[in-house]
Amino acid sequence: METRAGRLSPPEWLLNTLRPRSAPVPWAAVARSGVALSAPLAAGLATGHPMYGALVSMGALNGVIGDTADAYRMRILNIAVPQIFGAIGVTVGTLVYQQGWSAVLALTLVALVSGMISSIGAVSSVSGLLLLLNAVVGAGLPMPQPLWMPALLLSLGGLFVLALTLLGWPLRGRMPERSAVADAYRRVADLLAAAGTGAYPERRQEVTDSLNDAYDLILALRTRDHGRRSPLVRLLAQLNVLIPLLEAAAAAHLYGRASRRPEIAATVRGLADAVSRGGGEAVDLSGLPAPEGPADRAVDTALRHAAAVVHRPDSDPYPPDDRLGRPAAVSVRFRTTVRAVLLSEASWRYGVRLALCIGLAQALVSLVAVPRSYWVALTVTFVLKPDFGSVFSRAVLRALGTAAGLVIAAPVLAAVPRGWWDVPVMMLLAALIPWFSAKGYAFQTAAITPVILLLSDTLNHEGFDLVLPRLMDSLIGCAIALIAGYLLWPESWHTRIGDRLAAAVDEIAGYVGCAFAVDDEGSRSEQVRRRRRIYRDLSSVRSEFQRALTEPPPTGARAAAWWPLVVAVERIVDATTAARVRVTHGAAPPSPQEVTAVERELRELAENLRRSDVLLEVRTALEGDENGVIAPLRHEVAAARAITSPPRGGR
Numbered sequence: 009m010e011t012r013a014g015r016l017s018p019p020e021w022l023l024n025t026l027r028p029r030s031a032p033v034p035w036a037a038v039a040r041s042g043v044a045l046s047a048p049l050a051a052g053l054a055t056g057h058p059m060y061g062a063l064v065s066m067g068a069l070n071g072v073i074g075d076t077a078d079a080y081r082m083r084i085l086n087i088a089v090p091q092i093f094g095a096i097g098v099t100v101g102t103l104v105y106q107q108g109w110s111a112v113l114a115l116t117l118v119a120l121v122s123g124m125i126s127s128i129g130a131v132s133s134v135s136g137l138l139l140l141l142n143a144v145v146g147a148g149l150p151m152p153q154p155l156w157m158p159a160l161l162l163s164l165g166g167l168f169v170l171a172l173t174l175l176g177w178p179l180r181g182r183m184p185e186r187s188a189v190a191d192a193y194r195r196v197a198d199l200l201a202a203a204g205t206g207a208y209p210e211r212r213q214e215v216t217d218s219l220n221d222a223y224d225l226i227l228a229l230r231t232r233d234h235g236r237r238s239p240l241v242r243l244l245a246q247l248n249v250l251i252p253l254l255e256a257a258a259a260a261h262l263y264g265r266a267s268r269r270p271e272i273a274a275t276v277r278g279l280a281d282a283v284s285r286g287g288g289e290a291v292d293l294s295g296l297p298a299p300e301g302p303a304d305r306a307v308d309t310a311l312r313h314a315a316a317v318v319h320r321p322d323s324d325p326y327p328p329d330d331r332l333g334r335p336a337a338v339s340v341r342f343r344t345t346v347r348a349v350l351l352s353e354a355s356w357r358y359g360v361r362l363a364l365c366i367g368l369a370q371a372l373v374s375l376v377a378v379p380r381s382y383w384v385a386l387t388v389t390f391v392l393k394p395d396f397g398s399v400f401s402r403a404v405l406r407a408l409g410t411a412a413g414l415v416i417a418a419p420v421l422a423a424v425p426r427g428w429w430d431v432p433v434m435m436l437l438a439a440l441i442p443w444f445s446a447k448g449y450a451f452q453t454a455a456i457t458p459v460i461l462l463l464s465d466t467l468n469h470e471g472f473d474l475v476l477p478r479l480m481d482s483l484i485g486c487a488i489a490l491i492a493g494y495l496l497w498p499e500s501w502h503t504r505i506g507d508r509l510a511a512a513v514d515e516i517a518g519y520v521g522c523a524f525a526v527d528d529e530g531s532r533s534e535q536v537r538r539r540r541r542i543y544r545d546l547s548s549v550r551s552e553f554q555r556a557l558t559e560p561p562p563t564g565a566r567a568a569a570w571w572p573l574v575v576a577v578e579r580i581v582d583a584t585t586a587a588r589v590r591v592t593h594g595a596a597p598p599s600p601q602e603v604t605a606v607e608r609e610l611r612e613l614a615e616n617l618r619r620s621d622v623l624l625e626v627r628t629a630l631e632g633d634e635n636g637v638i639a640p641l642r643h644e645v646a647a648a649r650a651i652t653s654p655p656r657g658g659r
């Protein structure tokens, strides 16, 4: 019976994607979403224009989906900029409403542009989504005239969400930015507390993620803020001084003695509290333990320097000719971005894939009588977002989430009379969107589906008759995304982690050579840049793994088999950083021959990763002083080369 039950149970990869994430309820977002989507409906009913109110609510839904940042300036970009693209999209869609093959061609071209610009970054991803989303809605639903009216109403909805969001700015000010930097300090404190234990690798990944978030947030906000006394400059300086402390933590993990004492982590947490407060009383450093070796000296020096920067309110961390942390001018970055998108193979590949699927969806509904067929292309749009997760798992979750959403929507459409009753119902359903979105994609879909159906019913007055066609349309859209957007593209079901990991290993080989080159200011700056880039790359590889693990075999199984190598590669970076820190604080440097041998092994590992989908064991013969500074690094490289893929069918 156990065997039969096991065979009938859902596969593990599906269960992993269906498990709700543990996340606190975002009460502010819940309240904001409920008000933002219900108030326009009430205004439309009060003025006798319910269709106008429904379109404003639809624009507010777009704003709620795009409100994913914490810092207020970033939220302005995340909500306001996509509204421009959404207005363009709905205008194009309205122009080709019920135009047959003209609509097919127009939406296909819009999908190509949408897919290409989605690869730029977070704001452009939401902009590309709204461009295509609103074009599909405009081409599938009758819109009020004149032509500019739908764009205006949808934009008003997004701007209404933005206005509600900015109500807290006078009270919270720079709190999100300070919180991001303070969180990075706390993660480093956790890392130091875990030094020498098995929890260190997991804590180091948390530090990488936290630093990435903080740097992305603050550097993005510096686009128009070049003042040398700006609060952002101070926050950036406080963030920069974490890098030497993070490097020293790698040495403390392998060699630390006094640096593993709890007083060290407690002091860093005190600095985190000071950053969060924006200043205050200086942290007492008199109780720090005396260093007992090079690793301890590295931690002590970095910690005292960080404390000095955190508690020096009017320090200017940049000399006049230093532009560290100061982004290029907007015009330069715009030209660079456009050139990168137009010349990027990945950008064109995703744009073509999305255009193919949207073209097929629109062509299908033009040839086959599908009621309110815009939902097919709408489903394709939501499923084919590679920066949101696996296409395969999203298609499965989209179908399941839509079915669950229809179960919620069916009694609402059948029993709730149209009119003023829509307002409290919309407030309740809309409030679920941020809450369910934090749980996972299937839950988000289940929350959004009844909201869109209720708004569609306000425009179409079809009531319960919307339910079954929407389920059929969703299944058709998921099928198109799976076949034309997944199965026809080998890169989808042959995991790309091999190439991504090989590129990271090549970078690590260069980092090893750079770490033990001539020790001057320029080489040290290059070491920091390389190490940060490597950890970002490895963070992306981890994300690729998490995406691949939600795929069915063979992709998911291959990703699971390669996971030990990712961990081994991260340990190589830590060992390199620890060795560099020890040399800086008095240890004897390795010989050039030892460094060259390690580089060679890493280059060979990268080449093997590119040539094969199966990991093969390679016994290395790295020689050198077993008491030397890079002995642990040689051992980590040898361990990485010895990892093999398990036999097929093995567990």
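Letter 150 of the sequence shown, counting from 1, is numbered 158 in the working numbering, and no numbers are missing. Backbone N, C-alpha and C fix where the C-beta goes; we use that ideal spot for every residue, glycine too. Remember, predicted model here, so these are calculated numbers, not experimental data.
When we look at the beta-carbon of residue i and count the other beta-carbons within 10 Å, is it buried (16 or more) or exposed?
{"i": "ARG478", "result": "buried"}
{"i": "GLN535", "result": "buried"}
{"i": "ASP330", "result": "Interpretation of ASP330 is limited by its pLDDT of 37, a score under 50 that renders its predicted location unreliable; the figure taken from the coordinates is listed afterwards. So ASP330 counts as exposed."}
{"i": "ALA31", "result": "exposed"}
{"i": "ASN142", "result": "buried"}
{"i": "ASP281", "result": "exposed"}
{"i": "GLU10", "result": "Only weak support exists for where GLU10 lies, its pLDDT of 41 falling under 50; the value from the coordinates is given anyway. The residue is exposed, with fewer than 16 neighbouring Cβ atoms inside 10 Å."}
{"i": "TRP109", "result": "exposed"}
{"i": "VAL144", "result": "buried"}
{"i": "ILE226", "result": "buried"}
{"i": "ARG285", "result": "exposed"}
{"i": "ASP191", "result": "buried"}
{"i": "GLY148", "result": "buried"}
{"i": "ILE87", "result": "buried"}
{"i": "TRP429", "result": "exposed"}
{"i": "TRP156", "result": "exposed"}
{"i": "ARG232", "result": "The predicted model places ARG232 with a pLDDT of 42, which falls under 50 and marks its position as unreliable; any figure quoted below should be read in that light. Looking at its Cβ environment, which holds fewer than 16 other Cβ atoms inside 10 Å, ARG232 is exposed."}
{"i": "GLU515", "result": "buried"}
{"i": "ASN635", "result": "exposed"}
{"i": "GLY206", "result": "exposed"}
What is the residue span of the alpha helix (DSSP H) that residue i lies within?
{"i": "GLY42", "result": "35–55"}
{"i": "ALA596", "result": "Taken as a continuous stretch (DSSP letters only), ALA596 belongs to no alpha helix (DSSP H), as it is neither H nor E."}
{"i": "PHE524", "result": "That residue, PHE524, is in no alpha helix (DSSP H); it is neither H nor E in DSSP."}
{"i": "TYR494", "result": "Neither: TYR494 is in no alpha helix (DSSP H) and is coded neither H nor E."}
{"i": "ASN616", "result": "600–619"}
{"i": "VAL626", "result": "Element bounds for VAL626: n/a, residue is neither H nor E."}
{"i": "GLU644", "result": "639–649"}
{"i": "GLU151", "result": "Note on identity: in this sequence residue 151 is Met, with Glu being the wrong assignment. Per DSSP, MET151 belongs to no alpha helix (DSSP H) and is neither H nor E."}
{"i": "ARG305", "result": "302–318"}
{"i": "SER294", "result": "It is not in any alpha helix (DSSP H) - SER294 carries neither H nor E in the DSSP assignment."}
{"i": "TYR60", "result": "58–74"}
{"i": "THR387", "result": "382–391"}
{"i": "SER122", "result": "109–125"}
Compare the Cα-Cα distances from residue i to each of the options and report the closest residue.
{"i": "ARG194", "options": "PHE451, ARG579 and LEU279", "result": "LEU279"}
{"i": "THR309", "options": "ILE73, VAL589, LEU139 and GLY74", "result": "VAL589"}
{"i": "PRO48", "options": "LEU161, VAL98, SER132 and LEU103", "result": "LEU161"}
{"i": "ARG312", "options": "VAL404, LEU296, PRO302 and GLY301", "result": "LEU296"}
{"i": "VAL577", "options": "ARG550, ASP221, ILE96 and ARG347", "result": "ARG550"}
{"i": "ARG83", "options": "SER122, PHE168, LEU155 and LEU45", "result": "PHE168"}
{"i": "GLU609", "options": "GLY594, PRO597 and GLU625", "result": "GLU625"}
{"i": "TYR223", "options": "GLN246, LEU164 and ALA207", "result": "GLN246"}
{"i": "HIS643", "options": "LEU623, PRO28, ALA605 and THR652", "result": "ALA605"}
{"i": "VAL283", "options": "ILE251, GLU255, LEU254 and HIS319", "result": "HIS319"}
{"i": "MET434", "options": "VAL420, TRP443 and PHE444", "result": "VAL420"}
{"i": "ASP50", "options": "GLY42, ALA487, LEU463 and GLY61", "result": "Reading off the sequence, residue 50 comes out as Ala, not Asp. Comparing Cα-Cα distances from ALA50 to each of GLY42, ALA487, LEU463 and GLY61, the minimum goes to GLY61."}
{"i": "GLY67", "options": "ALA39, ILE366, LEU137 and VAL391", "result": "LEU137"}
{"i": "THR652", "options": "VAL574, VAL581 and ASP217", "result": "VAL574"}
Q. What are the start and end residues of each continuous beta strand (DSSP E) run of 3 or more residues lying completely inside the segment 185–269, in chain order?
A. none
(Q) I want to know whether the segment 111–120 touches the segment 355–374 - three or more CB-CB distances under 8 Å. (A) yes
Q: For the segment 50–68 and the segment 448–456, state whether three or more C-beta atom pairs, one from each stretch, are separated by less than 8 Å.
A: no
Q: Would you check if the segment 609–619 and the segment 509–517 touch, i.e. whether three or more CB-CB distances between them fall below 8 Å?
A: yes
Q) Can you list, in chain order, the stretches of the alpha helix (DSSP H) that have 4 or more residues and sit fully within the segment 423–494? A) 430–445, 449–468 and 475–490
Q: Pair every Cβ in the segment 380–392 with every Cβ in the segment 480–492, then say whether three or more of these pairs are closer than 8 Å.
A: yes
Q) If we count Cβ pairs, one from each stretch, closer than 8 Å, do we get three or more for the segment 254–265 versus the segment 579–594? A) yes
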